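Heads up, the thing below is written out as structure tokens.
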Amino acid sequence: MAERITDFDDFNMTADMIFLTIRLTPNHRPITRLPRLLLCCCCALPLLTACATPMGQAHAGIAKNSTATPTIATPKPSVQTVTATLDNGLKIVVRPDHRAPVVMTQVWYKVGSVDEPIDQTGLSHALEHMMFKGTAKVPNGELSRIVSKFGGSQNAFTSNHFTGYYQLYPANRLALALELEADRMKNLILTAEDFTPEMQVIKEERRQRTDDNPQARAHEKFRMLAFPTSSSRYPVIGHMDSLERMPLDALKIWYQTWYHPNNAVVVIVGDVQPAQAIAEVKRYFAEIPAGTVPKRVNTAERQQFGQRHLELTLPIQVPSLMMAFNVPTLGSGTPDSAAHDAYALALLAAVLDGGLSARLEQRLVREQRILTAVSSGYNPFERGSGLFSVSAIPADGQTHQSAQMAILNEIERLKTEPITADELARVKAGYLADLIYNQDSISSQARWIGSLEVAGLDHRLLDQLPERLSQISVTQLQDAAKRYLVAENRSSMFITPEAAQTAATPNMAQASAGAQP
Ligand SMILES: [Zn+2]
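Residue 450 in the numbering used here is what sits at position 446 of the sequence shown, and the numbering runs on without skipping anything.
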């Protein structure tokens, strides 16, 4: 049957997905949303899996789609952000924001699905759920009661590269948030009594959000295609067979291995004084000893792996296609000079899909009517390799092949026809404006800071972006397109609705790998 996704938060299953509202022209087919492989240029925030609420209740995401137009805010100068590192290695970043008497406290751990063994996918996310199951001081169920009693809210998120927890309170409850987080960083109790039913919750979560959701299934398969040589291919929630046989001991080991102060970052944003906030962090976390943290896996994808293509038939309403190129990121561990490539790729994504005047929308949707909807994205603020992605819905009468060819032609133009200075200036302005909008709430500021820090990038990067982007030239954009947006780096997937496939070729296998378009 037709699949209709109506709400972003209903579908933010894994951190490696992002779904954006596709701009629709009046003659478009019913509203849908396309899975995006990465972050759009105008919301370069990691999408977080907001998951483990206590008692296995429904989740509420902290990551919101940023396509809504927020009010313009002035970026906070870096001088207002204060950092400290405790003797045990815990990093603290405090950003005062006195506009409202609230405080957001986030604890980020540098561990995610990319760190998991191939036969134990889903460990990080499962542990995230179990982190709500209590300690000797705060038994199971007490955490949510305490948070509610003091007017707070809480949740957690797991991604490919990190796991995080947050609590939002009135500003005078910062100490409470810190006490609770310090307690479960060290004293979590993992029991079979809690674990067995929680794994049922997690498996149901996977069934509802991935297995029973064709677009999510397609996205999961696409990541396997797009990341052929690294653990970035692993689904954050884990494969079902891995969840079926996940032992409690594996979670205990995961907790003991990664949950140390020297593998964490505490981010505090809100109505606080930095010195006081840092003193409070020290009060609760300083006594936790540093641990031995393993070296994290190298998630750099080998470039030029070769072109890959997959075709799927799924119970969806309209055909769609996904395309992505393996590209570097700011967190790839490449030399500083390579950072220019990441910024150039971010601007290239904005040239293609940075608003209604962007090229793909203007030319392929509105003028040529080859596509019904299209989106492009790239997140430079990541660890390891990234993806420069394009997703699209072919218009009536168009094939997957013709739609893909039209998109590829536009990408070729990026290489052969330098964009004008005016267009580049407009794209830079729009990109920066969206970044600023994204820093408006204390939640998003904390999220930005945390995501940069756990990616090995300095949070001050945010404030430096205008200068960094201003240095990127038309030639650098063209060079980046020539170097990275090439067939050898490309994965593509065509998704056909079951009904259409049955009518056309009733005996065709549901999926075929390896064919080229
Ligand atoms: Zn979850």
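We treat Cβ as the ideally placed atom computed from N, Cα and C, and that holds for glycine.
Since the model is a prediction, treat every value here as computed from it, not as a measurement.
Point to revise | The beta strand (DSSP E) enclosing His313, as first and last residue numbers | key: For His313, the uninterrupted beta strand (DSSP E) segment begins and ends at Arg312 to Leu318.
Review point. What do you get for Ser474, buried or exposed, if any count of 16 or more other CB atoms within 10 angstroms of its CB means buried?
Key: By the Cβ neighbour-count rule, Ser474 is exposed, with fewer than 16 other Cβ atoms within 10 Å of its own.
Practice item. Check whether the Cβ atoms of Trp112 and Gly454 lie closer than 7 Å to each other. Key: Trp112 is a Cβ neighbour of Gly454, given a cutoff of 7 Å.
Point to revise | Continuous alpha helix (DSSP H) stretch holding Tyr259: start and end | key: Looking at the DSSP string, the run of the alpha helix (DSSP H) that includes Tyr259 is Leu252 to Trp262.
Review point. Alpha helix (DSSP H) containing Lys137: first to last residue?
Key: No alpha helix (DSSP H) holds Lys137; DSSP gives it neither H nor E.
**Study point:** For Tyr169, the residue or residues it bridges with in DSSP
**Key:** Under DSSP, the beta-bridge partners assigned to Tyr169 are Val111 and Ala160.
Practice item. Figure out for me which residue from Ala328, Lys95 and Arg99 has the closest Cα to the Cα of Gln84. Key: Checking every option, the nearest Cα to that of Gln84 belongs to Arg99.
Practice item. Flag Glu208 as yes when its Cβ comes closer than 6 Å to any non-hydrogen atom of ligand 1, and as no otherwise. Key: Because no heavy atom of ligand 1 lies under 6 Å away, the Cβ of Glu208 does not count as near it: no.
**Study point:** Distance, Ile397 Cα to Pro422 Cα
**Key:** The C-alpha of Pro422 lies about 27 Å from the C-alpha of Ile397.
Check your understanding: Beta carbon of Ala346, beta carbon of Pro384: below 7 Å?
Key -> Contact: yes.
Exercise for review: Could you tell me the distance, in whole angstroms, from the CA atom of His133 to the CA atom of Pro201?
Suggested key: For His133 and Pro201, the distance between alpha carbons rounds to 11 Å.
**Study point:** Exposure of Gly145, with buried meaning 16 or more beta-carbon neighbours within 10 Å
**Key:** The residue in question, Gly145, is exposed, as its Cβ has fewer than 16 Cβ neighbours within 10 Å.
Check your understanding: Is Phe226 helix, strand or coil when you go by DSSP?
Key -> Residue state, collapsed to three classes: helix.
Review point. Does DSSP classify Arg464 as helix, strand or coil?
Key: Reduced to three states, the DSSP call for Arg464 is coil.
**Study point:** Asp101 versus Ala350: straight-line alpha-carbon distance, rounded
**Key:** Whole-angstrom Cα-Cα distance: 28 Å.
Practice item. State the DSSP-derived secondary structure class of Pro100, mapped to helix, strand or coil. Key: Three-state result, Pro100: strand.
Check your understanding: Smallest Cα separation from Ala399: which of Ala485, Pro293, Ile415 and Gln321?
Key -> Of the candidates Ala485, Pro293, Ile415 and Gln321, the one whose C-alpha sits nearest the C-alpha of Ala399 is Gln321.
Exercise for review: Determine the closest residue to Asn267 out of Ala294, Ala283 and Ala343, with distance taken between C-alpha atoms.
Suggested key: That would be Ala294, whose Cα lies nearest to the Cα of Asn267.
Practice item. Starting from Leu352, follow the alpha helix (DSSP H) in both directions and report where the run begins and ends. Key: Where Leu352 is concerned, the enclosing alpha helix (DSSP H) stretches over Ala343 to Asp357.
Practice item. Note the first and the last residue of the continuous alpha helix (DSSP H) segment covering Asn413. Key: Following the DSSP letters along the chain, one finds Asn413 inside the alpha helix (DSSP H) bounded by residues His404 to Thr420.
Practice item. Could you check what DSSP says for Arg387 in three-state terms: helix, strand or coil? Key: In the structure shown, Arg387 sits in a strand (DSSP, three-state: E or B).
Exercise for review: Please say whether Ile292 and Lys190 have beta carbons closer to each other than 7 Å?
Suggested key: It is a contact, given that the beta carbons lie within the stated cut-off.
Practice item. Specify whether the region 226-234 and the region 303-311 touch according to this definition: at least 3 beta carbon pairs, one from each stretch, less than 8 Å apart. Key: Judged by Cβ distances under 8 Å, the region 226-234 makes contact with the region 303-311, as three or more pairs qualify.
Review point. What residues in its chain sit with their C-beta under 6 Å from that of Ala353, if we drop five residues either side in the sequence?
Key: Same-chain partners within the cutoff: Cys45, Ser380, Gly381 and Tyr382.
Check your understanding: Is Ala175 helix, strand or coil when you go by DSSP?
Key -> Three-state DSSP puts Ala175 in a helix.
Review point. Near Glu502, what residues of its chain come up, given a Cβ to Cβ distance below 7 Å and the 5 sequence neighbours on each side ignored?
Key: Within the same chain, Thr317, Leu318 and Pro319 come within 7 Å of Glu502 by CB-CB distance, once the 5 residues on both sides are set aside.
Practice item. Leaving aside the five residues before and after Arg472 along the sequence, list all residues of the same chain whose C-beta is less than 7 Å from its C-beta, in chain order. Key: Result list for Arg472: Tyr347, in chain order.
Exercise for review: Could you check what DSSP says for Ser496 in three-state terms: helix, strand or coil?
Suggested key: The DSSP-derived three-state label of Ser496 is strand.
Practice item. Compute the Euclidean distance between the alpha carbons of Thr139 and Thr333, then round it to the nearest angstrom. Key: Straight-line measurement puts the Cα of Thr333 at about 39 Å from the Cα of Thr139.
Exercise for review: Could you pull out every residue in the same chain whose Cβ sits closer than 6 Å to the Cβ of Ala553, ignoring the five residues on either side in sequence?
Suggested key: Outside the displayed range of the chain (5 to 521) lies residue 553, so it cannot be described from this structure.
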